[in-house]
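Chains as they are written, first to last, in this note's numbering: chain A, 10 to 306; chain B, 54 to 243.
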């Protein structure tokens, strides 16, 4: 199975663990991800805040430069996924926007016909295109005994999700049940991490982060699994300050779902980007899954 | 807010918001049920919840709406959009209000426009976002004292190999810039 791949800016450095682990598990699963040549930033939410047509044109450049041999594009970051999908849909439904975006693209010698590229999230590809049997077939180290809290965040499941429920998504839960993990059914699994509010207004952002961390603690999760770089950064990097702000001591490792998927596939922890998270995840994985097994080296 | 057929849909400002929002015409179907505000993770901190804001838009309270903190507390989680029984693209309307508020400099007490501008300026220069450049510029020019609090975290990210001090630049940044310049020249939405 071959897909065009849009990594997004976060995967280049701050979420390099996601990039490494996505590529590693894709290889095991036989998913060939071919990176779009010279892709640009999707603009996150920041262009939409200023100019709709510029926002969509910046995003559409990426759709326009996808190699013609691909009709599907995989984006692991929630914001990139939504932006690419939203722009394609808007162009299909709104003739005026479509004309404006294509006029802008033409200034760069490009054009894009809506519907040419189907934007997918990696979780959708793994759940839908591969499915239970194909995933279970690759498991060499079942995650038995590890309690995981699947965290969906917002923009993969809302508003354009076609593969899971926007209020109570289950695909990540199901995937980790296939891998043998104990999946924690906690009430905030599709709630907001605060997004860019950490930079704008800390009290509000910190409360949203606290709710997520506290819920995972209350439901006795060993770690939280993310599918978005922003969620991972907010829950992991701000965890110490959030704890300090509320007078609570948190110690909740936050990793990308692909990292733990890679563990179940028997891959080396360092190759999966473990050690880049600020709240160390290795100790609990080694403790629960057995030190000798978890440390591949 | 459901208006009769054949009449003007509502206030001049309502028309303006509809024009500025893809799919914005759904706003006339608002039932004032309040599902949006009740679903919002930041609803408690908003001066007006989206429901109230829509009533104000309908009543042509343009100045108050554009100066409200509501849209700046929107985190684009899309819970309101997913739950609206009338399928109003509420999050998109929040974006449209942000755009008008920025264009006319009506916003008060928020660093969000500065963050957005700093972010997109870097994207326009390099074609990619540049987290270190964004954080350093944004905090230095907008809230320098916060740099003290952010310092240890930034350092920690750096030592964990998660903060690059050098931006990545795409090859065809001039192509991207030409597209952006043209889009800006055409302007508008919906």
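Built from N, CA and C at the ideal position, the CB exists for glycine as well.
State buried or exposed for residue 175 of chain B, treating a residue as buried only when at least 16 other CB atoms are found within 10 Å of its CB.
-> Locating residue 175 of chain B in the second chain gives position 122, counting from the first residue. With 16 or more Cβ atoms within 10 Å of its Cβ, residue 175 of chain B is classed as buried.
Check whether the Cβ atoms of residue 76 of chain B and residue 138 of chain B sit closer than 7 angstroms, and answer yes or no.
-> As a position in the second chain, residue 76 of chain B is number 23, starting the count at 1. As a position in the second chain, residue 138 of chain B is number 85, starting the count at 1. Their beta carbons are not under 7 angstroms apart, which means residue 76 of chain B does not touch residue 138 of chain B by this criterion.
Can you list the residues of chain A that residue 101 of chain B reaches, using a CB-CB cut of under 9 angstroms?
-> The residue you call residue 101 of chain B lines up with position 48 of the second chain. Near residue 101 of chain B there are no residues of chain A at all, since even the closest Cβ is about 16 angstroms away, more than 9 angstroms.
Where residue 300 of chain A and residue 294 of chain A are concerned, what is the direct C-alpha to C-alpha distance, given to the nearest angstrom?
-> By 1-based counting over the first chain, the position of residue 300 of chain A is 291. By 1-based counting over the first chain, the position of residue 294 of chain A is 285. Its pLDDT being 48, under 50, residue 300 of chain A is placed unreliably by the model, and nothing is read from it.
Does the region 100-113 of chain A come within contact of the region 139-146 of chain A, defined as at least 3 CB pairs closer than 8 angstroms?
-> no
Got a sec? Which residues, its chain only, sit under 7 angstroms from residue 117 of chain B by beta carbon, not counting five neighbours each side?
-> Mapped onto the second chain, residue 117 of chain B falls at position 64. Contacts found: 109.
Cβ of residue 150 of chain B within 7 angstroms of any chain A Cβ = In the second chain, residue 150 of chain B corresponds to position 97, counting from 1. No, because no Cβ of chain A sits closer than 7 angstroms to the Cβ of residue 150 of chain B.
Partners in chain B for residue 123 of chain A, counting only beta-carbon separations shorter than 9 angstroms = By 1-based counting over the first chain, the position of residue 123 of chain A is 114. Chain B residues near residue 123 of chain A: none, gap ~13 angstroms exceeds 9 angstroms.
Would you give the residue range spanned by the beta strand (DSSP E) that residue 81 of chain A belongs to?
-> Residue 81 of chain A sits at position 72 when you count from the first residue of the first chain. Unbroken beta strand (DSSP E) run through residue 81 of chain A: 81-83.
Chain-order list of residues whose beta-carbon lies under 6 angstroms from that of residue 141 of chain A (same chain, five-residue window excluded) = Here residue 141 of chain A refers to the residue found at position 132 when the first chain is read from its first residue. The answer, listed in chain order, is 187.
How would you call residue 165 of chain A, buried or exposed, if buried means at least 16 neighbouring beta carbons within 10 angstroms?
-> Position 156 of the first chain, counting from 1, holds the residue named residue 165 of chain A. By the 10 Å Cβ count, residue 165 of chain A comes out buried.
Short CB-CB distance (under 7 angstroms) between residue 140 of chain A and chain B | Locating residue 140 of chain A in the first chain gives position 131, counting from the first residue. Chain B contact via Cβ: absent.
Taking Cβ positions, are residue 35 of chain A and residue 265 of chain A nearer each other than 7 angstroms?
-> Against the first chain, residue 35 of chain A aligns to sequence position 26. Against the first chain, residue 265 of chain A aligns to sequence position 256. No, the pair does not count as a contact, with Cβ atoms beyond the cut-off.
Between residue 271 of chain A and residue 67 of chain B, what straight-line distance do the alpha-carbon atoms span, to the nearest angstrom?
-> As a first step, residue 271 of chain A must be located in the first chain, where it is residue number 262. As a first step, residue 67 of chain B must be located in the second chain, where it is residue number 14. Cα to Cα, residue 271 of chain A sits roughly 51 angstroms from residue 67 of chain B.
Residues of its chain near residue 243 of chain B, where Cβ-Cβ distance is below 7 angstroms and the 5 sequence neighbours each way are ignored | Sequence index remark: in the second chain, residue 243 of chain B carries index 190 (1-based). Legend: pLDDT at residue 243 of chain B = 48, less than 50; position of this residue unreliable, value from coordinates given subsequently. Cβ within range, chain order: 72, 73, 74, 75 and 77.
Could you tell me if residue 128 of chain A is buried or exposed, where buried requires 16 or more neighbouring beta carbons within 10 angstroms of its beta carbon?
-> The count along the first chain starts at 1 and reaches residue 128 of chain A at position 119. Its Cβ being crowded by 16 or more others within 10 Å, residue 128 of chain A is buried.
Alpha-carbon spacing of residue 226 of chain B relative to residue 192 of chain A, whole angstroms | Taking the second chain and counting its residues from 1, one reaches residue 226 of chain B at position 173. Taking the first chain and counting its residues from 1, one reaches residue 192 of chain A at position 183. Computed Cα separation, rounded: 44 angstroms.
Neighbourhood of residue 80 of chain B by C-beta distance below 8 angstroms, restricted to the same chain and skipping five residues each side = By 1-based counting over the second chain, the position of residue 80 of chain B is 27. Contacts found: 54, 67, 70, 71, 74, 107, 110, 141 and 146.
Inspect the CB distances between the region 239-257 of chain A and the region 206-218 of chain A and report whether three or more fall short of 8 angstroms.
-> yes
With 9 angstroms as the C-beta to C-beta threshold (strictly closer), list the residues of the region 216-237 of chain B near chain A in chain order.
-> 216, 217, 221, 223, 224, 225, 226, 227, 228, 229, 230, 231, 232, 233, 234, 235, 236 and 237
Check the DSSP bridge columns for residue 128 of chain A and list the partner residues they point to.
-> Looking up residue 128 of chain A in the first chain gives position 119. Partner(s): A:82.
Below-7 angstroms beta-carbon distance, residue 174 of chain A vs any chain E residue | In the displayed structure, chain E is absent; the protein chains listed are A and B.
Output yes if chain B places a C-beta closer than 7 angstroms to the C-beta of residue 63 of chain A; else output no.
-> Taking the first chain and counting its residues from 1, one reaches residue 63 of chain A at position 54. Chain B, which has a Cβ nearer than 7 angstroms to the Cβ of residue 63 of chain A, makes this yes.
Is there a Cβ from chain A that is less than 7 angstroms from the Cβ of residue 59 of chain B?
-> Stepping through the second chain from its first residue, residue 59 of chain B is reached at position 6. Note on residue 59 of chain B: pLDDT 48, under 50, position unreliable in the model; no value is reported.
Using the rule of at least 16 other Cβ atoms within 10 Å of the residue's Cβ for burial, across every protein chain shown, is residue 78 of chain A buried or exposed?
-> Here the question's residue 78 of chain A lines up with position 69 in the first chain. When all chains shown are included, residue 78 of chain A counts as exposed.
For residue 308 of chain A and chain B, any beta-carbon pair shorter than 7 angstroms?
-> A query on residue 308 of chain A cannot be resolved here, the shown segment of chain A reaching from 10 to 306 and no further.
Would a check of beta-carbon distances place residue 206 of chain A closer than 7 angstroms to chain B?
-> Start at 1 with the first residue of the first chain, and residue 206 of chain A comes out as number 197. Chain B contact via Cβ: present.
Min CB distance residue 32 of chain A to chain B below 7 angstroms = Within the first chain, numbered from 1, the residue matching residue 32 of chain A stands at position 23. No, no contact with chain B.
Exposure of residue 162 of chain A, with buried meaning 16 or more beta-carbon neighbours within 10 Å = Taking the first chain and counting its residues from 1, one reaches residue 162 of chain A at position 153. Answer is buried; the Cβ neighbour count reaches 16.
Residue 172 of chain B (DSSP reduced to helix, strand or coil) = In the second chain, residue 172 of chain B corresponds to position 119, counting from 1. Looking at residue 172 of chain B - three-state DSSP - the assignment turns out to be helix.
Could you give the uninterrupted runs of the beta strand (DSSP E) lying entirely in the region 59-111 of chain A, keeping only those of 3 residues or more?
-> 81-83
C-beta atoms of residue 75 of chain A and residue 110 of chain A nearer than 7 angstroms | Sequence index remark: in the first chain, residue 75 of chain A carries index 66 (1-based). Sequence index remark: in the first chain, residue 110 of chain A carries index 101 (1-based). In this structure, residue 110 of chain A does not lie closer than 7 angstroms to residue 75 of chain A by Cβ.
With 16 other CB atoms within 10 Å as the buried threshold, where does residue 15 of chain A fall?
-> Residue mapping note: residue 15 of chain A aligns to position 6 of the first chain, counting from 1. It is buried - the Cβ of residue 15 of chain A has at least 16 other Cβ atoms within 10 Å.
Do residue 289 of chain A and residue 206 of chain B have their C-beta atoms within less than 7 angstroms of each other?
-> Here residue 289 of chain A is taken as the residue at index 280 of the first chain, counted from 1. Here residue 206 of chain B is taken as the residue at index 153 of the second chain, counted from 1. The answer is no: Cβ separation not under 7 angstroms.
Could you tell me whether the region 10-24 of chain A touches the region 84-93 of chain A, where touching means 3 or more Cβ pairs closer than 8 angstroms?
-> yes
CB of residue 197 of chain A within 7 angstroms of CB of residue 169 of chain A, strictly | To locate residue 197 of chain A, count along the first chain from 1; it is residue 188. To locate residue 169 of chain A, count along the first chain from 1; it is residue 160. No, Cβ-Cβ distance for residue 197 of chain A and residue 169 of chain A is not below 7 angstroms.
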